[in-house]
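Q:
2 protein chains.
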Amino acid sequence: MGNENEIDSPTARQKADARRQQMIRAALAVFTANGYVGTSTDELAAAASVSKQTLYKAFGDKEGVFAALIHDACDRVDDPFEPLAARMRDIHSADEGVRLLAVQFVGSIMDPRVLRLRRLVIAEATRFPELGSLFWERGFVRVAESVGRCLQILDDRQLLAIPDTTMAVHHFAGMLLWFPSNQAMFAGSAAPMTEAQLERVIDGGTNAFVRAYQPS
Amino acid sequence: MGNENEIDSPTARQKADARRQQMIRAALAVFTANGYVGTSTDELAAAASVSKQTLYKAFGDKEGVFAALIHDACDRVDDPFEPLAARMRDIHSADEGVRLLAVQFVGSIMDPRVLRLRRLVIAEATRFPELGSLFWERGFVRVAESVGRCLQILDDRQLLAIPDTTMAVHHFAGMLLWFPSNQAMFAGSAAPMTEAQLERVIDGGTNAFVRAYQPS
Numbered sequence: 134m135g136n137e138n139e140i141d142s143p144t145a146r147q148k149a150d151a152r153r154q155q156m157i158r159a160a161l162a163v164f165t166a167n168g169y170v171g172t173s174t175d176e177l178a179a180a181a182s183v184s185k186q187t188l189y190k191a192f193g194d195k196e197g198v199f200a201a202l203i204h205d206a207c208d209r210v211d212d213p214f215e216p217l218a219a220r221m222r223d224i225h226s227a228d229e230g231v232r233l234l235a236v237q238f239v240g241s242i243m244d245p246r247v248l249r250l251r252r253l254v255i256a257e258a259t260r261f262p263e264l265g266s267l268f269w270e271r272g273f274v275r276v277a278e279s280v281g282r283c284l285q286i287l288d289d290r291q292l293l294a295i296p297d298t299t300m301a302v303h304h305f306a307g308m309l310l311w312f313p314s315n316q317a318m319f320a321g322s323a324a325p326m327t328e329a330q331l332e333r334v335i336d337g338g339t340n341a342f343v344r345a346y347q348p349s
Numbered sequence: 134m135g136n137e138n139e140i141d142s143p144t145a146r147q148k149a150d151a152r153r154q155q156m157i158r159a160a161l162a163v164f165t166a167n168g169y170v171g172t173s174t175d176e177l178a179a180a181a182s183v184s185k186q187t188l189y190k191a192f193g194d195k196e197g198v199f200a201a202l203i204h205d206a207c208d209r210v211d212d213p214f215e216p217l218a219a220r221m222r223d224i225h226s227a228d229e230g231v232r233l234l235a236v237q238f239v240g241s242i243m244d245p246r247v248l249r250l251r252r253l254v255i256a257e258a259t260r261f262p263e264l265g266s267l268f269w270e271r272g273f274v275r276v277a278e279s280v281g282r283c284l285q286i287l288d289d290r291q292l293l294a295i296p297d298t299t300m301a302v303h304h305f306a307g308m309l310l311w312f313p314s315n316q317a318m319f320a321g322s323a324a325p326m327t328e329a330q331l332e333r334v335i336d337g338g339t340n341a342f343v344r345a346y347q348p349s
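The listed protein sequences correspond, in order, to chains A and P.
Positions in the first sequence are counted from 1; adding 133 to them yields the working numbering.
Positions in the second sequence are counted from 1; adding 133 to them yields the working numbering.
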């Protein structure tokens, strides 16, 4: 399993990171196919082509793999909104700013990996409430706060008038994603949304949100 | 199992209907606890205190029970919007109409039985796409059309200006339910929303929707 010195060398560390990513990716596929309860650590190790010992060393147990999967996905979902906050200071209209946010937001949440994880967490959140709470706090709430910081800049610049930032984020997200995310959850495998449909959703959601929050 | 004449008499028919409801109610609890795959028809029959033969006669097989569960829940969800359409012709302002719809909509979808079914269908929609599609068409799309007919009346009366009814329904629903329904799916067992929180959601959603769709 490699000694301490080996793990400290850059190449070994990169190898360990790559193997961790490989196990996380494989785990999403296995959990999605069999459900959390129906998945064994044997299957998780086999799918990632690692020994069960390697899996245990990296994640502790099955719940540890699942938690790592959520952390990994949530970390990636949040990233793209950092650079957008800076752009909110430069754009010339509320429509331009909200549209930029909308494109990024819809793209992030409608990512097939994120949708698969969403389904998995919803399926298990009653039996494993701590996993549901982890996704909620690290994913949903964190992204909402990130979007809120961007909307706050548009409010500060008086391009929008937002009395309650948290509620405005929920309105923004709901207008954009209520239909696409439910469609993906219930009927997505039968008829996934096309790029053109998603563009229409972004367009309609941006227009309605700007109307709802335009300064009087 | 009762002969044809017995089933045709009103009392026997009522008994059969009551037993059917009893089986459907018990099935929701069992499916919720064990998942669809983890549930056997033995367990479904035992939970409803009926014989397996009675269960098979009423529903055919496990998938038949699940389909009946969805039909039953969706039929009940749709009912309350019929009388609201008539009220949309009498109310005096967009705010009054939208608020009435919002209270009914949030109450219907945030019903604990509906939320449990929603979680169950999302969990199984990849493996059983026809069950997901059934919920989508009989539940989601049907309720959306029902709400759309109400909003259309407010548009006809020029209390609102709605260029695209279907999209306006998605905006209405998303503004109201994006936060509460996701909270229920991911973190609901840890901290269910209070009545006061739901009232704030209804108030904020109504105000923002009316602003977004007010006639110019």
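A virtual CB, placed ideally from N, CA and C, is assigned to each residue, including glycine.
Values in this document were obtained by computation on a predicted structure and should not be read as measured data.
Chain P partners of A/Arg351, CB-CB under 9 Å?
A: Nothing about residue 351 of chain A can be reported from this structure: the residues present for chain A run from 134 to 349 only.
Q: In chain A, what lies closer than 9 Å to P/Leu310 by C-beta?
A: Gly307 and Trp311
Q: Using DSSP with H/G/I as helix, E/B as strand and the rest coil, what is A/Ile242?
A: helix
Q: In terms of residue numbering, what span does the alpha helix (DSSP H) encompassing A/Asp150 cover?
A: Pro143 to Asn167
Q: Can you give, in chain order, each stretch of the alpha helix (DSSP H) that sits fully within the segment 251 to 302 of chain A and has at least 4 residues?
A: 262 to 268 and 275 to 289
Q: Excluding the 5 residues preceding and the 5 following A/Thr174 in the sequence, name in chain order all residues of the same chain whose CB lies nearer than 8 Å to its CB.
A: Lys185, Leu188, Tyr189, Asp194, Lys195 and Val198
Q: Does the separation of the CB atoms of P/Val231 and A/Phe319 fall below 8 Å?
A: no
Q: Take the Cβ of P/Met134 as the centre, count every other Cβ of all protein chains shown within 10 Å, and call the residue buried at 16 or more, exposed below.
A: Caution is warranted here: a pLDDT of 45 is assigned to P/Met134, below 50, making its placement in the model unreliable, and no coordinate value can be reported.
Q: From A/Ala317 to P/Gln291, what does the alpha carbon distance come to, in whole angstroms?
A: Roughly 34 Å separates the two Cα atoms.
Q: Apply the 10 Å Cβ neighbour rule to A/Arg252 and answer buried if 16 or more other Cβ atoms are within range, or exposed otherwise.
A: A buried status is given to A/Arg252, since no fewer than 16 other beta-carbon atoms sit within 10 Å of its beta-carbon.
Q: Under 8 Å, Cβ to Cβ, is there at least one residue of chain P near A/Ile295?
A: no
Q: P/Ser314: which of P/Ala301, P/Leu331, P/Thr298 and P/Met300 sits nearest, CA to CA?
A: Residue P/Leu331 is the option with its Cα nearest to P/Ser314.
Q: How many angstroms separate the CA atom of P/Val302 from the CA atom of P/Phe214?
A: Rounded to the nearest angstrom, the two C-alpha atoms are 13 Å apart.
Q: Just checking, does the segment 277 to 296 of chain A make contact with the segment 260 to 275 of chain P on the three C-beta pairs under 8 Å criterion?
A: Flag = no, the segment 277 to 296 of chain A and the segment 260 to 275 of chain P do not touch.
Q: Give a yes or no on whether 8 Å exceeds the smallest Cβ distance from P/Ala320 to chain A.
A: yes
Q: Anything in the segment 148 to 172 of chain A with a Cβ closer than 8 Å to a Cβ of chain P? List those residues in chain order, please.
A: Thr165, Gly168, Val170 and Gly171
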